[in-house]
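Undergrad: Have a look at the structure that comes next, please.
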Amino acid sequence: AQTVTQSQPEMSVQEAETVTLSCTYDTSESDYYLFWYKQPPSRQMILVIRQEAYKQQNATENRFSVNFQKAAKSFSLKISDSQLGDAAMYFCAYRRGNNNDMRFGAGTRLTVKP
Amino acid sequence: NAGVMQNPRHLVRRRGQEARLRCSPMKGHSHVYWYRQLPEEGLKFMVYLQKENIIDESGMPKERFSAEFPKEGPSILRIQQVVRGDSAAYFCASSRGTGLDNEQFFGPGTRLTVL
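Residue numbers (our numbering), protein chains in the order written: chain W, 260 to 373; chain R, 8 to 122.
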């Protein structure tokens with residue numbers, strides 16, 4: 260079974276600083292995808308960034324980047340130059356290559372201090 | 008370019024009543040997924056449907072829960088004889104097809120409260 264673990268229930272960061280959210284996963288598959296979703300108070304699920312397991316290069320999207328360590332099954336999210344609007348729940352998610360259902364971690368609540 | 012639509016956004020039911028949650032996928036999307044989010048938890052997969060077919064219902068409770076995606080109209084998640092433990096946010100997502108290039112787009116969710 261595939262499981263996703265987020266070991267940090269809560270994190271805080273000062274505005275303009277950098278923060279890293281941790282995620283580990285367990286799988287025996289070789290073909291899979293990893294995602295980070297943001298859920299603000301509106302509860303809308305917003306895709307932040309995604310990574311294909313076969314790609315060695317870490318994905319980046321503006322201020323968001325990941326550190327994908329396939330052997331360690333680790334997929335952390337780095338947010339640079341944090342902004343007040345980044346405050347939200349962040350969920351790490353996993354999806355097998357030949358499947359469509361996604362497995363989510365329990366989430367990390369990020370607070371951004373002005 | 009409407010996104011995934013869900014209604015109602017909020018639903019209150021008393022124990023023993025039925026809850027019907029609707030999901031209209033994005034235009035051109037024929038794959039629908041339902042997820043449940045309990046308070047302070049991540050989303051849990053429930054069921055994956057393609058037009059008129061249930062593809063994977065491994066995450067859906069065997070009793071009281073059912074889902075459909077008819078040829079015409081929205082996908083429906085039906086919960087019969089609701090209990091307090093059914094109180095959660097239910098999210099629908101849709102995709103054009105399968106594979107990474109077919110990203111799942113999420114709706115705003117329906118928050119079900121069972122009194």
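Backbone N, C-alpha and C define an ideal beta-carbon position, used for all residues, glycine too.
Is it buried or exposed for D360 (chain W), if we count other Cβ within 10 angstroms and need 16 for buried?
TA: Flag for D360 (chain W) reads buried.
Undergrad: Expressed to the nearest angstrom, what Euclidean distance is found between the alpha-carbon atoms of G356 (chain W) and T286 (chain W)?
TA: So the two alpha carbons sit approximately 12 Å from each other.
Undergrad: Could you tell me whether the segment 43 to 51 of chain R touches the segment 84 to 98 of chain R, where touching means 3 or more Cβ pairs closer than 8 Å?
TA: Yes, they touch.
Undergrad: Among the residues of its own chain, which have a CB less than 6 Å from the CB of T367 (chain W), if the five just before and after it don't count?
TA: Within the same chain, T367 (chain W) has close Cβ partners Q265, Q267, M270, L280, Y349.
Undergrad: Terminal residues of the continuous beta strand (DSSP E) containing F350 (chain W)?
TA: Unbroken beta strand (DSSP E) run through F350 (chain W): 347 to 355.
Undergrad: Under 8 Å between beta-carbons, which chain W residues line up against A95 (chain R)? List them in chain order, please.
TA: Result: empty, since nearest Cβ-Cβ is about 11 Å, beyond 8 Å.
Undergrad: Fully enclosed by the segment 270 to 346 of chain W, which beta strand (DSSP E) runs are 3 residues long or longer?
TA: The segment 270 to 346 of chain W contains these whole beta strand (DSSP E) runs: 278 to 280, 283 to 285, 291 to 298, 305 to 311, 323 to 328, 333 to 338.
Undergrad: Does the Cβ of Q87 (chain R) have 16 or more other Cβ atoms within 10 Å, making it buried, or fewer, making it exposed?
TA: So Q87 (chain R) ends up on the exposed side.
Undergrad: For a contact meaning CB atoms closer than 8 Å, what does Q111 (chain R) contact in chain W?
TA: Going along chain W in sequence order, the residues near Q111 (chain R) (Cβ under 8 Å) are N359, M361.
Undergrad: For the beta strand (DSSP E) that A26 (chain R) lies in, which residues bound it at each end?
TA: Where A26 (chain R) is concerned, the enclosing beta strand (DSSP E) stretches over 26 to 31.
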